[in-house]
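Using this note's numbering, the first residue of the sequence shown is number 866, and each one after it goes up by one.
Contents: one structure, followed by commentary.
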Amino acid sequence: MTHTPHEANPIAPTAQTKPWYRQLYIQVLAAIVIGIVLGWQWPDLATSMEPIGTTFIAAMKMLIGPIVFLTIISGIAGVADLKKVGLTGLKALTYFQVGTIAALATGLVAINLFRLGDGVHADPSRLNTSGDAGQYIQQGEHQQWWEFLTNLVPHSFFGAFVEGDILQVIFLAVIFGIAVKSVGKAGEPLIAGVNRLTEVVFKVLSFVMKAAPLGAFGAMAYAIGKFGLSTLTSLGSLILLFYVTSILFVVVVLGTVLRAYVKLNIFQLFRYFKDEFFLVLGTSTAEPALPGLMRKLQFMGVDRSTVGLVVPTGYSFNLDGAAIYLSLATLYIAQATDTALSVGQQLGLLAVMLLTSKGAAGVAGGGFIALTATLSTVGHVPAAGIMLIFGIDKFMSECRALVNFYGNAVATLFIATWEKGLDLPRARQVLAGEVTEDSAAAHPAGRGHTAQRPAPVDHSDTDPHSSPQSASSRL
866 MTHTPHEANP IAPTAQTKPW YRQLYIQVLA AIVIGIVLGW QWPDLATSME
916 PIGTTFIAAM KMLIGPIVFL TIISGIAGVA DLKKVGLTGL KALTYFQVGT
966 IAALATGLVA INLFRLGDGV HADPSRLNTS GDAGQYIQQG EHQQWWEFLT
1016 NLVPHSFFGA FVEGDILQVI FLAVIFGIAV KSVGKAGEPL IAGVNRLTEV
1066 VFKVLSFVMK AAPLGAFGAM AYAIGKFGLS TLTSLGSLIL LFYVTSILFV
1116 VVVLGTVLRA YVKLNIFQLF RYFKDEFFLV LGTSTAEPAL PGLMRKLQFM
1166 GVDRSTVGLV VPTGYSFNLD GAAIYLSLAT LYIAQATDTA LSVGQQLGLL
1216 AVMLLTSKGA AGVAGGGFIA LTATLSTVGH VPAAGIMLIF GIDKFMSECR
1266 ALVNFYGNAV ATLFIATWEK GLDLPRARQV LAGEVTEDSA AAHPAGRGHT
1316 AQRPAPVDHS DTDPHSSPQS ASSRL
């Protein structure tokens, strides 16, 4: 995709920053701190805050399906050649597999270097597998890696939205988008309607995001009040190893990919997505940040069709944080239960985890289910060993979700560069803070990348020489 060069404006838009206390990331950070203090000092009161967090997460999940559906349709409709859709998807899946292998290998290397499970000498027969953990074990033992294929087709058109199954929504959107594109001019009114409906849904999203500090407060207060800070100290070394390994993976591995191929800086990317960072940190899940990730990537200058295809698919198939956790936790359990694994067996584990991690895509408690499915499949490591880490899983989920989030941001930028669908000068301007969403709204540009300006309500001032593809890719 070729982008139209930016025209110079007489007055370049300057970054207009809000007062510090109105910045979303400041509000969410303050809410997280208050939630931690409440959970620490008044745990009974803190656990009653759970509905606040779950309600906010539910509100965000409510919008994910429509946003993914509309964005994919609009993106496919804006592609001149439908073969590009299939090629983009193939490239994305290839990248996801390579990235997952790298993440799994990183976890294996880390736990083999430090061997934190040695000396625990846990007896699997004496581990209590009742309660929530027991349910995960039972579900994981029956989880098959190929189940995501059989569950791909929904029972009804609206069933995917009702169930909130993103894989099914992606399937519907791709089929629907190809069909709309195939009917030619007859589908143009529908495409225009989809673009306008997308604007409305993102406006609803902006309303919901105002409650993000409350959601982060409720989720964090409940987590600390329910599990207690003492849980952090009991297996603190394992938590620390997971966090350090994850940080190194993001900074070194993903940072190198971003710098070498995309020519962007990972630390600037951290700053750009700071609102989403604290949102994920507070809610312990990457899903509420998906709409913001899609919107901001488009604003950076990433082709809308690439964003629509890669980001939602990556949320199911490109889980770098979950992959690191899976390999690290599996080897820790093996070490703690005195289960010796040769290098060949560990490589076999890696191959199994590459499949089981996909089998739990879109499943509640997917990380634990994938872990149990892995242990059940290989048979060498006792599945009951997951009880050793069940108590600290909640405190590892934040890091897992953050790595998943940044992994998908880098993946989308990588695929966009590969497909020549990234406006690199635009991306550098945005990451440097020279152009912000506030400044772009205050000083809309006449021409340039479509993400630089909001879509107008009437098109009387639209450049008559602009391409249909450019017009259809506006938000």
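We put the CB at the ideal spot given by N, CA and C, even for glycine.
Determine the direct distance from the alpha carbon of Ala-1274 to that of Phe-1036, and round the result to whole angstroms.
Spanning the two alpha carbons is a distance of roughly 21 Å.
Taking 7 Å as the threshold (C-beta atoms), are Lys-956 and Ile-1280 in contact?
yes
Near Lys-1259, which residues of its chain fall below 6 Å by C-beta distance, leaving aside the five closest residues on each side in sequence?
Ala-1088 and Phe-1092
Would the region 916-927 and the region 1073-1080 be scored as touching if the rule is three or more Cβ pairs under 8 Å?
yes
Thinking just about the alpha-carbon of each residue, which of Gly-940, Thr-920, Leu-1296 and Ala-942 is nearest to the one in Leu-1129?
Answer by Cα proximity: Leu-1296.
Are the region 930-943 and the region 1172-1191 touching by the rule of at least three beta carbon pairs closer than 8 Å?
Contact between the region 930-943 and the region 1172-1191 is present, because at least three Cβ pairs lie under 8 Å.
Roughly how many angstroms lie between the CA atoms of Arg-980 and Ile-1040, to the nearest whole one?
48 Å
Exposed or buried, Asp-946, counting other C-beta atoms within 10 Å across all chains shown (16 or more means buried)?
Taking all protein chains in view, the Cβ of Asp-946 is surrounded by fewer than 16 other Cβ atoms within 10 Å, so the residue is classified as exposed.
Is Phe-1072 close to the ligand ZN? I mean its beta-carbon at under 6 Å from any heavy atom of the ligand.
Ligands in the displayed structure: none, and consequently the ligand ZN is not present.
In angstroms, rounded to a whole number, what distance separates the CA positions of Glu-1053 and Ile-966?
Glu-1053 and Ile-966: Cα-Cα distance of roughly 42 Å.
Mind reading off the beta-carbon distance from Leu-1196 to Asn-977? Whole number of angstroms is fine, and I expect it under 8 Å.
7 Å
Is the separation between the beta-carbon of Ser-1181 and that of Leu-1032 shorter than 7 Å?
Cβ atoms of Ser-1181 and Leu-1032: closer than 7 Å.
At the level of alpha carbons, what is the spacing between Gly-1101 and Leu-1146?
18 Å
Suppose the cutoff is 6 Å on Cβ atoms and the five residues either side in sequence are ignored; what does the same chain contact list for Leu-894 look like?
Phe-1143
Can you give me the Cβ contacts of Val-1018 inside the same chain, cut-off strictly under 8 Å, excluding the 5 residues immediately before and after it?
Gln-1033 and Phe-1036
Identity of the residue in Val-1059, Gly-1024 and Gly-972 nearest Leu-1191 by Cα:
Gly-972
Look at Ala-1249 and Pro-989 and say whether their C-beta atoms are less than 7 Å apart.
yes
Less than 7 Å separating the beta-carbons of Ala-1199 and Thr-1221?
no
How many Å lie between Asp-1203 and Pro-1247 at the Cα?
10 Å
Identify the residues that DSSP records as bridge partners of Val-1167: which are they?
Leu-1287
Quick check on Ile-1112: buried or exposed, where buried means 16 or more other Cβ atoms within 10 Å of its Cβ?
By the neighbour-count criterion, in which a residue is buried when 16 or more other Cβ atoms sit within 10 angstroms of its Cβ, Ile-1112 is exposed.
Which residue comes first and which comes last in the alpha helix (DSSP H) that contains Ala-1297?
Ala-1297 -> no alpha helix (DSSP H), and no H or E assigned at all.
Run through DSSP, which three-state label would Pro-1247 get?
Here Pro-1247 sits in coil by DSSP.
CB of Ser-1149 within 7 Å of CB of Glu-1302, strictly:
no
Have a look at Thr-1282 and Ile-1254 and give me their C-alpha separation to the nearest angstrom.
39 Å
Through-space distance from Gln-1163 to Phe-961, alpha-carbon basis:
Counting only the Cα atoms, Gln-1163 lies some 20 Å from Phe-961.
Quick check on DSSP: helix, strand or coil for Met-914?
coil
Within 10 Å of its beta-carbon, does Gly-1311 have 16 or more other beta-carbons around it, so buried, or fewer, so exposed?
Summary for Gly-1311: the model assigns pLDDT 38, below 50, so the residue's position carries little reliability; its value from the coordinates is reported in the next sentence. Looking at its Cβ environment, which holds fewer than 16 other Cβ atoms inside 10 Å, Gly-1311 is exposed.
Is Tyr-886 closer than 7 Å to Asp-1140 when the C-beta atoms are compared?
no
Here's the rule I'm using: 16 or more other beta-carbon atoms within 10 Å means buried, otherwise exposed. How should Gln-906 be labelled?
With fewer than 16 other Cβ atoms within 10 Å, it is exposed.
Candidates Arg-1291, Glu-915, Gly-1286 and Ala-1292: closest to Ala-1084 by CA position
Glu-915
Can you tell me where the alpha helix (DSSP H) holding Trp-905 begins and where it ends?
889-906
Could you spell out the range, first to last residue, of the alpha helix (DSSP H) harbouring Gly-982?
Element bounds for Gly-982: n/a, residue is neither H nor E.
Verify whether the separation of the beta carbon atoms of Asn-1269 and Leu-1184 is less than 7 Å.
yes
Ser-854 burial status per 10 Å Cβ neighbour count (16 or more: buried):
Because the chain here runs from 866 to 1340, residue 854 falls outside it and cannot be looked at.
Ordered along the chain, which non-local residues of its own chain (more than five positions away) have a Cβ less than 6 Å from that of Arg-1358?
In the structure as shown, the chain begins at 866 and stops at 1340. Residue 1358 is therefore absent and cannot be evaluated.
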